[in-house]
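These notes are about the structure you will find just below.
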Amino acid sequence: DSPSNALVISGSNANGGLTISGSSVNIDCFVGIGVGEGNVTHALTLPNSSNADGQVKASSFVTYSSIRYKKDVEPLTSAVDTISKLQGVSYNWKDTGKKDFGFIAEDVGRVIPEIVEWSADPQYANTMDYTRIISFLVEAVKEQQEKIDILAKKINNIIV
Numbered sequence: 008d009s010p011s012n013a014l015v016i017s018g019s020n021a022n023g024g025l026t027i028s029g030s031s032v033n034i035d036c037f038v039g040i041g042v043g044e045g046n047v048t049h050a051l052t053l054p055n056s057s058n059a060d061g062q063v064k065a066s067s068f069v070t071y072s073s074i075r076y077k078k079d080v081e082p083l084t085s086a087v088d089t090i091s092k093l094q095g096v097s098y099n100w101k102d103t104g105k106k107d108f109g110f111i112a113e114d115v116g117r118v119i120p121e122i123v124e125w126s127a128d129p130q131y132a133n134t135m136d137y138t139r140i141i142s143f144l145v146e147a148v149k150e151q152q153e154k155i156d157i158l159a160k161k162i163n164n165i166i167v
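Under the numbering used here, think of the first position of the sequence shown as 8, with each following residue one higher.
Below you can see the structure in the form of structure tokens.
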């Protein structure tokens, strides 16, 4: 009977909340935890908050990555150049004042737009996928190591 035809399940904090149990729970579409009705935008949506209600805690997160799910696979090139264009920042969250570290999604979107989700107002981003930067970091380290190895050989040739 919700305005958006969503199923709303609620429990009482006084009685320990709500427990759903079984060998599995299947939900067809999106789940929002702590967000208002109509604000659920992804398979799992949490509040935009820097405190615990906006965080997920787990021992690991896994990502589908098998070659069988991919096509047109190409190695990353110029990873050092790409990473050099990113600016890591420290900042304080407006909602809690908590100190944190990361990137500004709008800035990352100008370098790697594929890992940024933009809002309806194209001036602002909503989110970015930090894990996608890892592939650039790995390739950048390999590019740098190749240059280090070349320089080490040159140095050894001069010394010998």
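All C-beta atoms in this analysis are idealised placements derived from N, C-alpha and C, irrespective of residue type, glycine included. In this text, all values refer to a predicted model and were calculated from it rather than measured experimentally.
Reference residue i; option with closest CA among the options
i	options	result
Val-69	Lys-149, Lys-160 and Arg-139	Arg-139
Ala-13	Ile-27, Ser-31, Val-32 and Asn-46	Asn-46
Gln-151	His-49, Ile-90, Thr-134 and Pro-54	Ile-90
Ser-17	Glu-121, Asn-55 and Val-42	Val-42
Gly-95	Asp-114, Val-167 and Lys-78	Asp-114
Asp-60	Ser-67, Ser-66 and Thr-52	Thr-52
Thr-48	Pro-120, Ile-141 and Ser-126	Ser-126
Glu-44	Val-15, Ser-72 and Ser-97	Val-15
Gly-116	Tyr-137, Ser-142, Tyr-98 and Asn-164	Tyr-137
Lys-106	Ala-50, Ile-27, Ser-57 and Ser-31	Ser-57
Ala-132	Glu-121, Ser-67 and Ile-141	Glu-121
Gln-130	Leu-144, Ala-112 and Lys-149	Ala-112
Ser-142	Ser-72, Ile-166, Ala-65 and Asp-79	Ser-72
Val-148	Asp-88, Val-167 and Ile-74	Asp-88
Ala-50	Lys-64, Asn-163 and Asn-33	Asn-33
Reduced DSSP secondary structure (H/G/I, E/B, other) of residue i
i	result
Phe-68	coil
Asn-133	strand
Asn-99	strand
Phe-37	coil
Thr-48	coil
Phe-108	strand
Lys-77	coil
Gln-151	helix
Gly-61	helix
Val-42	coil
Val-87	helix
For residue j and residue i, believed in contact at Cβ under 8 Å, the rounded distance
i	j	result
Met-135	Phe-110	7 Å
Val-118	Leu-93	6 Å
Counterpart residues of residue i in DSSP-defined beta bridges
i	result
Gly-29	Answer by DSSP bridge pairing: none, since Gly-29 is not bridged.
Glu-124	Thr-134
> Contact between the segment 36-47 and the segment 70-89: three or more CB pairs below 8 Å?
Replying inline: Too few Cβ pairs lie closer than 8 Å, so no.
> Contact between the segment 157-165 and the segment 99-107: three or more CB pairs below 8 Å?
Replying inline: In the pairwise beta carbon analysis, the segment 157-165 is classified as not touching the segment 99-107: fewer than three pairs are separated by under 8 Å.
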